[in-house]
Ligand code: CO
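Residue numbers (my numbering): 24 to 196.
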């Protein structure tokens with residue numbers, strides 16, 4: 024039975040602490056992953072990193088329509104290239120979004136839930152964006168760190184009726 028955990032909000036020191044490597048994939052890690060998936064689904068997010076639920080470990084979950092559900096332990100970016108501008112939001116920075124630079128191509132290696140090494144290559148996709156965003160979380164980095172001015176942080180319109188067609192819906196990761 025998995026649980027929806029409270030999501031930590033910017034200002035919480037756990038979001039700024041580089042997370043520790045997972046040394047052993049035991050029952051507590053399995054439970055953490057299950058709870059993170061439930062929490063991500065509950066918040067309608069595309070990804071979630073363990074520090075966002077107050078656990079300073081390098082564990083990430085991501086789910087996209089094209090790539091399905093990914094569970095990544097000790098993920099690291101081994102290669103990235105290119106640059107593109109993307110709208111982004113974060114479950115730990117509620118109510119805001121901003122346009123930032125992300126890589127076009129991202130190659131990641133990680134362990135899966137069974138402890139087997141996996142490699143992922145994402146090119147110009149939501150997955151590429153989510154991988155960079157979530158791996159940043161495991162290093163204590165937030166997307167707002169890439170902004171040069173607080174003015175670049177745009178409030179998300181609270182009402183659907185009031186939706187500004189000019190502004191794309193930012194990805195929540
Ligand atoms: Co985030």
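Heads up, the beta-carbon is just placed ideally off N, CA and C, and yes, glycines get one too.
- Beta-carbon proximity check, residue 71 vs residue 134, cutoff 8 Å: In this structure, residue 71 keeps its C-beta atom at 8 Å or more from the C-beta atom of residue 134.
- Query: Between residue 38 and residue 50, what straight-line distance do the alpha-carbon atoms span, to the nearest angstrom?
  - Reply: Taking the straight line from one Cα to the other gives about 24 Å.
- Nearest neighbour of residue 42, chosen from 93, 83, 32 [CA to CA]: It is 83.
- Item | residue 79 Cβ short of 7 Å to the ligand CO heavy atom set | If you check the C-beta of residue 79 against the ligand CO, you find no heavy atom less than 7 Å away.
- Message: Taking the alpha-carbon of residue 24 as reference, which of 33, 109, 57 has the nearest alpha-carbon?
- Response: Nearest of 33, 109, 57 to residue 24, Cα basis: 57.
- Message: Quick check: does the Cβ of residue 114 come within less than 7 Å of any heavy atom belonging to the ligand CO?
- Response: Answer for residue 114: yes, Cβ within range of the ligand CO.
- Looking at C-beta atoms only, is the number of pairs between the stretch 130-148 and the stretch 90-107 that lie closer than 8 Å three or more? As far as the Cβ criterion goes, the stretch 130-148 touches the stretch 90-107, which means the pair count is three or higher.
- Should residue 196 be listed as close to the ligand CO, given that the test is whether its C-beta is under 7 Å from any heavy atom? Yes - the ligand CO has a heavy atom lying nearer than 7 Å to the Cβ of residue 196.
- For residue 163, which three-state DSSP category applies? The three-state secondary structure of residue 163, taken from DSSP, is coil.
- Please name the residue or residues paired with residue 72 in a DSSP beta bridge. BP columns for residue 72 point to 83.
- Is residue 173 helix, strand or coil by DSSP? Residue state for residue 173 is assigned as helix, using DSSP reduced to three classes.
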